[in-house]
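One line per chain: the protein sequences are A and B, in this order. Numbering-wise (my numbering), the first sequence opens with residue 3 and increments by one. Numbering-wise (my numbering), the second sequence opens with residue 8 and increments by one. Built from N, CA and C at the ideal position, the CB exists for glycine as well.
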Amino acid sequence: MITGEKFLTMCGAVLLFVAVVGVILFIASRFGGRRSDGPVAYLYLLPTLAMLALGLVYPGLRTIYQSFFDAAGTSFIGLDNYQTIFTTEDQITVLRNTVLWVVVTPFVATAVGLIYAILVDKARMEAFAKALIFLPMAISFVGAGIIWKFIYEFRPDQVGIKQIGLLNQLVVMAGGKPQQWLVNQPWNTLFLIVVMIWIQAGFAMTVLSAAIKAIPDDIVEAARLDGVGPFGMFRFITLPSIRPTLVVVLTTIGIGTLKVFDIVRTMTGGQFFTSVVANEFYSQSFRANNQGLGAALAVLLFILVIPIVVYNIRQLRASEAR
Amino acid sequence: MTTTSEPLTTTPPVVPTPASPARRARKALTSPLASLIAIVIAVLWTLPTFGLAISSFRPERQIKTTGWWTAFTDPQFTLDNYRSVLGIGENAASSSLSDYFVNSIVITIPSVLIPISLATLAAYAFAWMKFPGRNVLFVAVFALQIVPIQVTLIPLLRLYVDVGVAGTFWPLWLSHSIFALPLAIFLLHNFMREVPAGLLEAARVDGAGHVAIFFRVLLPLLTPALAAFGIFQFLWVWNDLLVALTFAGGGTDVAPITAALANLSGTRGTAWHLLSAGAFVSIIVPVLIFVAMQRYFVRGLLAGSVKG
Chain A
3 MITGEKFLTM
13 CGAVLLFVAV
23 VGVILFIASR
33 FGGRRSDGPV
43 AYLYLLPTLA
53 MLALGLVYPG
63 LRTIYQSFFD
73 AAGTSFIGLD
83 NYQTIFTTED
93 QITVLRNTVL
103 WVVVTPFVAT
113 AVGLIYAILV
123 DKARMEAFAK
133 ALIFLPMAIS
143 FVGAGIIWKF
153 IYEFRPDQVG
163 IKQIGLLNQL
173 VVMAGGKPQQ
183 WLVNQPWNTL
193 FLIVVMIWIQ
203 AGFAMTVLSA
213 AIKAIPDDIV
223 EAARLDGVGP
233 FGMFRFITLP
243 SIRPTLVVVL
253 TTIGIGTLKV
263 FDIVRTMTGG
273 QFFTSVVANE
283 FYSQSFRANN
293 QGLGAALAVL
303 LFILVIPIVV
313 YNIRQLRASE
323 AR
Chain B
8 MTTTSEPLTT
18 TPPVVPTPAS
28 PARRARKALT
38 SPLASLIAIV
48 IAVLWTLPTF
58 GLAISSFRPE
68 RQIKTTGWWT
78 AFTDPQFTLD
88 NYRSVLGIGE
98 NAASSSLSDY
108 FVNSIVITIP
118 SVLIPISLAT
128 LAAYAFAWMK
138 FPGRNVLFVA
148 VFALQIVPIQ
158 VTLIPLLRLY
168 VDVGVAGTFW
178 PLWLSHSIFA
188 LPLAIFLLHN
198 FMREVPAGLL
208 EAARVDGAGH
218 VAIFFRVLLP
228 LLTPALAAFG
238 IFQFLWVWND
248 LLVALTFAGG
258 GTDVAPITAA
268 LANLSGTRGT
278 AWHLLSAGAF
288 VSIIVPVLIF
298 VAMQRYFVRG
308 LLAGSVKG
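Listed below in structure tokens is the structure:
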């Protein structure tokens, strides 16, 4: 397709949706009366509900159904796919990696974000300092993957060959031997996790910084007059005040980490024992043509997200009730 | 500072009060340390991107044989990498990224506009209209936020093939819109509930219908919220890889720049001159949007962080 054609198609699509909304609003304006909320509300909701039903509810149920079928999706095999996930050695590695990602990423990213938010709070050039940490959020996971792949780049340790990856250059300067960071397991998974932490710390920093600024000044001032030092201030004032926000940040990053796919795909492709559930889903569904196992992995992802979300909602309720 | 010690001249000026020098000492200790830690974090977070930026302007041979820090002692810069990834001039790469760049734009704009317009309508209904089943429907939409998109991909792909739109932009537009709707409705609903009810009631007393209220009263107040979500969705769609790989494959017809880069990164891991320049081309649009609209984006982020 030529560029012009593409833009034309795009404008057509946008106009089509503008027309749909226009028709809805036009019909709604015919129901001018006072007691006509019902029909108008359903009219407003119609396109949304139709899209959600067709695009989320039906496919979700369909995938759950599919997860009980074999690779070709034709014969019913019960829970075999799930058994495969929990008994095959490859799949257990995938599970182990996923647990590592979900445990390490939220805590380290949140810790870095929190420390930085406290340190630059009310400092000079605060906005600029924050933007530096926050900027990786705007970069795609693919872009971040490439950036870090370059840092981890390996050159064999031979005369006349210079390192082009920063990490190995530092190792060589310290007198060590260059490492294949993305190949040597089990540490390679940690080097992938670093990329996710790099991206997510900015998110944690921004949200926590807002929470810290929301702590009433008189509380901080009263504590200061009582002679509370910086660490006491953190322990007894800051931490309790931002606890609900901390939970939200941890769980949001946790959910994002569970679904991480792009980083693994770009940096190792899931090789060298670095695959995670979200990436394995893609590999099984679209590369290995094992639709049943792919579906089961997707359902597993769904099941893993639920407790995190439920915990989050309960925390939110508790903090509102207080 | 010197004047404060004057009233204390009769006592030795070394120990005025027990607490304050201790506190000052602690401050003196922690504050440079604090600055140092902050600077270390800032450098660690900036250096990776900086290194790639420098690399993208270095000649191919230099990139492949020496580290980017060599550019400080032996500066050699060129725009050749950008020329070849964008397909300009003689040394154009066979598959130029400019096609994919155009695709990214074509994918992103409707994927932002469609869910925003639909979600605004739905959020209005949920926030300001009384109808049977409202609470049940709202909770259902809210709950749909937790469905991972992986769960929907294969059945959706089959639907698109059946309808005959596979291989066009439609699967991408529709999928991105659908996946965005639950969060969009939730955020916009929350913003709308913050509008004082009296404002709407007054307009209603004046005889304004739903459409008039929507456009004259709510929309102006909602603009910051719409902008916040719009930027959010823009970044999300622009940076997406999973949806793109599933529905667009890797061809120049519809695949976005992220898919092209992922392919380049997988198959030609040593083509650093193409990867570094390509990564920067893909980064530049979201970063510009981000820097220009940072305030709205942060606002959207703070609203979104309170979701369940």
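{"Asked": "Once the 5 residues before and after Q345(A) are set aside, which same chain residues still bring their CB inside 6 Å of it?", "Found": "Here chain A has residues from 3 to 324 only, and residue 345(A) is not among them."}
{"Asked": "Identify the continuous alpha helix (DSSP H) that holds E155(A) and give its terminal residues.", "Found": "Counting along the chain, E155(A) falls outside any alpha helix (DSSP H), and DSSP gives it neither H nor E."}
{"Asked": "Does the distance from the CB of L51(B) to the CB of L168(A) come in under 9 Å?", "Found": "no"}
{"Asked": "Using a C-beta cutoff of 9 Å, does R267(A) count as contacting chain B?", "Found": "yes"}
{"Asked": "On the three-pair Cβ rule with 8 Å, is the stretch 184-195 of chain B touching the stretch 147-166 of chain B?", "Found": "yes"}
{"Asked": "Taking only the alpha-carbon atoms, compute the straight-line gap between G258(B) and D247(B) and give it to the nearest angstrom.", "Found": "16 Å"}
{"Asked": "Can you give, in chain order, each stretch of the alpha helix (DSSP H) that sits fully within the stretch 94-160 of chain B and has at least 4 residues?", "Found": "104-135, 141-150"}
{"Asked": "Output the boundary residues of the alpha helix (DSSP H) element that contains K71(B).", "Found": "67-72"}
{"Asked": "With a Cβ-Cβ cutoff of 9 Å, do Q317(A) and P246(A) count as a contact?", "Found": "yes"}
{"Asked": "How do the stretch 128-140 of chain A and the stretch 289-309 of chain B stand: do at least 3 beta-carbon pairs fall below 8 Å, yes or no?", "Found": "yes"}
{"Asked": "Looking at the structure shown, is F176(B) part of a helix, part of a strand, or coil, going by DSSP?", "Found": "coil"}
{"Asked": "Please report the residue range of the alpha helix (DSSP H) in which D123(A) lies.", "Found": "Taken as a continuous stretch (DSSP letters only), D123(A) belongs to no alpha helix (DSSP H), as it is neither H nor E."}
{"Asked": "Name the chain A residues that come within less than 8 Å of L125(B), Cβ to Cβ?", "Found": "F19, V23, P49, T50, M53"}
{"Asked": "Leaving out the 5 sequence neighbours to the left and right, which residues in its chain are closer than 8 Å to R31(B) when beta-carbon positions are compared?", "Found": "Residue placement at R31(B) is poorly supported in this model, since its pLDDT is 49, which falls under 50; the coordinates still yield a value, given next. Taken in chain order, the list of residues that qualify is empty."}
{"Asked": "For a test of the three-state rule: what should DSSP assign to F71(A), helix, strand or coil?", "Found": "strand"}
{"Asked": "Is the shortest distance between the beta-carbon of K179(A) and the beta-carbons of chain B less than 9 Å?", "Found": "no"}
{"Asked": "Mind listing the chain A neighbours of S257(B)? Cutoff is C-beta to C-beta under 9 Å, in chain order.", "Found": "First, the amino acid is wrong: residue 257(B) is Gly here, not Ser. What G257(B) touches in chain A: nothing, since even the nearest Cβ is about 12 Å away."}
{"Asked": "Please tell me whether A213(A) and G115(A) are closer than 9 Å, where the distance is taken between their beta carbons.", "Found": "no"}
{"Asked": "Along the alpha helix (DSSP H) that carries S289(B), what are the first and last residues, could you check?", "Found": "279-299"}
{"Asked": "Nearest-angstrom Cα distance between A266(B) and A251(B)?", "Found": "7 Å"}
{"Asked": "Alpha carbon to alpha carbon, how far is L144(B) from F133(B)?", "Found": "9 Å"}
{"Asked": "Y154(A) touches chain E at which residues, Cβ-Cβ below 9 Å?", "Found": "Among the protein chains in the structure shown, which are A and B, there is no chain E."}
{"Asked": "Check the C-beta distance from L58(A) over to V154(B) and give it rounded, since I have them as a contact under 8 Å.", "Found": "5 Å"}
{"Asked": "When DSSP labels each residue in this structure, what does F78(A) get in the three-state scheme?", "Found": "strand"}
{"Asked": "Taking 9 Å as the threshold (beta carbon to beta carbon), is K8(A) in contact with chain B?", "Found": "yes"}
{"Asked": "Using 8 Å as the threshold, is the stretch 253-264 of chain A in touch with the stretch 120-134 of chain A, meaning 3 or more CB pairs across them?", "Found": "no"}
{"Asked": "Quick one: which chain A residues come within Cβ less than 8 Å of G58(B)?", "Found": "I149, F152, I153, L168"}
{"Asked": "Please state if the CB of I79(A) and the CB of F331(A) are separated by a distance shorter than 9 Å.", "Found": "The structure shown does not extend to residue 331(A), since chain A is modelled only from 3 through 324, so no value can be given for it."}
{"Asked": "On the criterion of 16 or more Cβ atoms from any shown chain inside 10 Å, does N292(A) qualify as buried, or is it exposed?", "Found": "buried"}
{"Asked": "Figure out for me which residue from P108(A), M175(A), S287(A) has the closest Cα to the Cα of L72(A).", "Found": "Sequence inspection shows Asp at residue 72(A); the Leu mentioned does not correspond to that position. It is S287(A) whose Cα lies nearest to the Cα of D72(A)."}
{"Asked": "Could you tell me the alpha carbon to alpha carbon distance between A45(B) and A113(A), rounded to whole angstroms?", "Found": "13 Å"}
{"Asked": "Where does G57(A) fall in DSSP's three states?", "Found": "helix"}
{"Asked": "Rounding to the nearest angstrom, what Cα-Cα distance links A129(B) and I156(B) in this structure?", "Found": "21 Å"}
{"Asked": "Using a Cβ-based criterion (distance less than 8 Å to any ligand heavy atom), does F198(B) qualify as near the ligand HEM?", "Found": "In the structure on display, the ligand HEM does not appear, and there are no ligands present to speak of."}
{"Asked": "How far does the alpha helix (DSSP H) with S277(A) in it reach, from first residue to last?", "Found": "Careful: S277(A) lies outside any alpha helix (DSSP H) and carries neither H nor E."}
{"Asked": "Does G256(A) have its Cβ less than 9 Å from a Cβ in chain B?", "Found": "no"}
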